[in-house]
Amino acid sequence: MRLETEPNIPAPDDFYQALIDAHAGLDDRRSAALNARLVLLLANHVGDLEALREAIALARDGL
Amino acid sequence: MNTHSPARFPYTPPPELSGNGELRVPVAIVGAGPVGVACAIDLALQGVKAVVLDDNDTVSTGSRAICYAKRTLEVLDRLGCAETVVGRGVCWNVGKVFHRDRLAYQFDLLPEGGHKHPAFVNLQQYLLEEAMLARLQEVGGEVRWKNRVAGAAPDGGGVTLSVETPDGAYRVRADWVIACDGARSPMRDYLGLEWRGQIFRDRFLIADVHMVGDYPTERWFWFDPPFHPNQSVLLHRQADDVWRIDFQLGWDADPEEERKPERVIPRIRAMLGDDRPFELEWVSVYTFQCRRLDRFVHGRVMFAGDAAHQVSPFGARGANSGIQDADNLCWKLARVVRGEAGPALLETYDRERVAAADENILNSTRSTDFITPKSATSRLFRDAVLDLSVKHPFARRLVNSGRLSMPTTYRDSALDTPDADAFVSALVPGSPAADAPVRIAGRASWLLDCVGGSPAVLMFAAPERDAELEQLVALASGAKVVVVVPAGGGAPARDGIMVAEDVDGLAARRYGAAPGTIYLLRPDQHVAARWRRWDAQAFEHALARAIGRTEVSAHAA
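From first to last, the protein sequence lines stand for chains A and B. Counting in my numbering, the first sequence runs without a single skipped number right up to 67 at its last residue. Counting in my numbering, the second sequence runs without a single skipped number right up to 1661 at its last residue.
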């Protein structure tokens, strides 16, 4: 595995709150757009195609 | 409506009609489009007799290919008709991408210096065909216009074609046939071959428009513009003030209605946003498909161009890949016809160009998926990419309105010899050879002008390697030998070698070469093998392998 799945965010509650707060006041369409932008920005930050493929597979698992 | 009156070519009643009714020829080429004519020129240059059969008597009409990539221009140059194409064509570097009502970003192809040919030239297909046919005439090639191939019967020793003319029917008995008869290829049907792939559920209005004025030579692509909501639009310049405009219409559009001038003119008027005058040159409504034959070689019939593979037009991969098919095929076929190689060499055409077709289909399918998202989520991501592209360069790399056609590297080809030595270079065995400015006998020239048509050897900076060079010239029978020396350097004059002065050092840099480095190039200018130092035995093996020579001479074994 190249993808980090062990805890890696020092302040997990702060991150989660920031994520939910970002969606405040957005309708479903805008929320979906925000999520899509976020995925693209973070994917570029990761950069490693193999890690991204692993993340895609894990996210898809069980759906 | 048409500002160009296409050249018509004379039909001559074939002599076989009054003779024994059969023409015998080493190679018959079906179809006088750019791919068939490229094959005919190449074979003529190789000294192989070929005849081109075409059911029409003119060049193509309507909205066909317009963009020719650098590699295609290099092939056309080797065939001797690039000058007209580059001279008449339009060179463009700036592309603009619009999303909704604003410019998202613009890009500049910023062509790297030190190449003879630009990244791209735009020229309407009929002008390309006219230039190529003029060249074919110059090299003594034969096209039989209004000679329709109505049937093909292949057997182990050749192919018998039934040919119909205005004056009656006759047979052509050919040892080999190249089928370049286009996307609807009747030759495929005669051989009962399956034509599989994907048809995109979308329609596009393609208009060629003549408008005179001071418009920038740029490629403009709109996603979801206010004048054509939810769809895409492309504007691209061709020669003689003709512009190509594509309107995405969606699957439910009525093709008959949409091509009517009263529907088309208001669309263009809305796009231009002003009253400037224009004339419609050609209008059609297309659907696109990506498909290919399972194999391109079927016994003695080889398929090339759209007859072998079809792509959507985004990325200009139709004509470009077809001409590159011809480039790959003809030297091989010529060697087989002359008995210098066995039919196994033609198998490498199948492998290499099937891989190229898959690469082109993959790229063109990806572009089509970006332009025509197939689900709400796909559309969501597409729009997110475009929104981010305004401020963030990373997102611009994800925008896909057509990826520039790049030549295929023939990786792991049976003709390549894998590297034994270390190289730091973008080139690998199988890559098309890189160009560089050189000086030959005091005159400015280009490295690619020195090679091609036959195998070639580049030996870098070799004046002190006289004995090696002597051995190389002896072993390189039939290959061109080019000694690449640094600027101001020289090499002893010798029969059978050409000395190329690497004026800007770009040849050495692009080939990752040091003194003593040797590159072996195939007749189609692709890298076959390379070494850091001379090794006679390795060279002889690699040369035999690269050109499919059946026997390696005894002393090399």
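Built from N, CA and C at the ideal position, the CB exists for glycine as well. All figures in this text were calculated on a predicted structure; none of them were measured in a lab.
Under 7 Å by beta carbon: chain A residues contacting residue i
i, result
"A1499 of chain B", "L44"
Chain-ordered chain B contacts of residue i [CB-CB under 8 Å]
i, result
"R41 of chain A", "A1488, D1491, L1492"
"A61 of chain A", "What A61 of chain A touches in chain B: nothing, since even the nearest Cβ is about 17 Å away."
Range covered by the beta strand (DSSP E) that runs through residue i
i, result
"V1139 of chain B", "Careful: V1139 of chain B lies outside any beta strand (DSSP E), inside the alpha helix (DSSP H) at 1138 to 1149."
"Q1053 of chain B", "A query on residue 1053 of chain B cannot be resolved here, the shown segment of chain B reaching from 1105 to 1661 and no further."
"E1385 of chain B", "1383 to 1390"
"Y1623 of chain B", "1622 to 1625"
"M5 of chain A", "First-last for M5 of chain A: undefined, no H or E at that position."
"I1349 of chain B", "1346 to 1352"
"A1548 of chain B", "1547 to 1550"
Residue i vs residue j beta-carbon contact at 8 Å
i, j, result
"V1281 of chain B", "D1158 of chain B", "no"
"Q1150 of chain B", "W1386 of chain B", "no"
"G1245 of chain B", "I1349 of chain B", "no"
"G1506 of chain B", "S1471 of chain B", "yes"
"S1558 of chain B", "A1583 of chain B", "yes"
"N1464 of chain B", "V1415 of chain B", "yes"
"L1579 of chain B", "E1644 of chain B", "yes"
"Q1228 of chain B", "I1170 of chain B", "yes"
"F1564 of chain B", "P1619 of chain B", "yes"
"H40 of chain A", "A1208 of chain B", "For clarity, residue 40 of chain A is Ala in the given sequence; the question names His instead. Result no, Cβ atoms of A40 of chain A and A1208 of chain B do not sit closer than 8 Å."
"A1423 of chain B", "P1222 of chain B", "no"
"L1610 of chain B", "A1540 of chain B", "yes"
"V1134 of chain B", "A1283 of chain B", "yes"
"D1606 of chain B", "P1627 of chain B", "no"
"G1218 of chain B", "D1553 of chain B", "no"
"A1461 of chain B", "A1420 of chain B", "no"
"R1204 of chain B", "P1330 of chain B", "yes"
"V1179 of chain B", "V1152 of chain B", "no"
"V1401 of chain B", "L1240 of chain B", "no"
"D1344 of chain B", "M1315 of chain B", "no"
Beta carbon proximity, residue i to chain A, threshold 8 Å
i, result
"L1484 of chain B", "yes"
"D1454 of chain B", "no"
"M1105 of chain B", "Residue placement at M1105 of chain B is flagged as unreliable, the pLDDT there being 48, under the threshold of 50; a coordinate-derived value is accordingly withheld."
"V1656 of chain B", "The predicted position of V1656 of chain B is uncertain, since its pLDDT is 41 and thus under 50; a value taken from the coordinates is nonetheless stated next. Output row for V1656 of chain B: interface = no."
"H1659 of chain B", "Its pLDDT being 39, under 50, H1659 of chain B is placed unreliably in this model, and the value from its coordinates should be taken loosely. No, its Cβ sits nowhere closer than 8 Å to a Cβ of chain A."
According to DSSP, residues forming a beta bridge with residue i
i, result
"Y1294 of chain B", "Its beta-bridge partners do not exist; DSSP assigns none."
"H1630 of chain B", "B:P1536"
"N1226 of chain B", "B:C1171, B:V1194"
"C1394 of chain B", "B:Q1302"
"D1606 of chain B", "B:P1590"
"Y1274 of chain B", "B:V1267"
"I1282 of chain B", "B:I1133, B:M1406"
"E58 of chain A", "BP columns for E58 of chain A are empty, so no partner."
"V1201 of chain B", "B:Y1209, B:F1325"
Range of the contiguous alpha helix (DSSP H) that encloses residue i
i, result
"N1050 of chain B", "No answer is possible for residue 1050 of chain B: it lies beyond the span of chain B, which begins at 1105 and ends at 1661."
"I1544 of chain B", "Per DSSP, I1544 of chain B belongs to no alpha helix (DSSP H); it is in the beta strand (DSSP E), 1541 to 1544."
"T1663 of chain B", "The first residue shown for chain B is 1105 and the last is 1661, placing residue 1663 of chain B beyond what the model contains."
"D1259 of chain B", "Counting along the chain, D1259 of chain B falls outside any alpha helix (DSSP H), though it belongs to the beta strand (DSSP E) covering 1252 to 1259."
"Y1615 of chain B", "Neither: Y1615 of chain B is in no alpha helix (DSSP H) and is coded neither H nor E."
"Q1575 of chain B", "1570 to 1579"
"I1475 of chain B", "1448 to 1475"
"P1497 of chain B", "1497 to 1500"
"R1371 of chain B", "1365 to 1376"
"D18 of chain A", "16 to 26"
"A1480 of chain B", "1480 to 1493"
"F1643 of chain B", "1640 to 1650"
"P1359 of chain B", "1359 to 1362"
"A37 of chain A", "32 to 50"
Proximity test, Cβ basis, 8 Å: residue i and chain B
i, result
"A55 of chain A", "no"
"A26 of chain A", "no"
"N12 of chain A", "no"
"Y20 of chain A", "no"
Chain B residues whose Cβ lies nearer than 7 Å to that of residue i
i, result
"A1 of chain A", "Absent from the model: residue 1 of chain A. The displayed extent of chain A is 5 to 67, so no value can be given."
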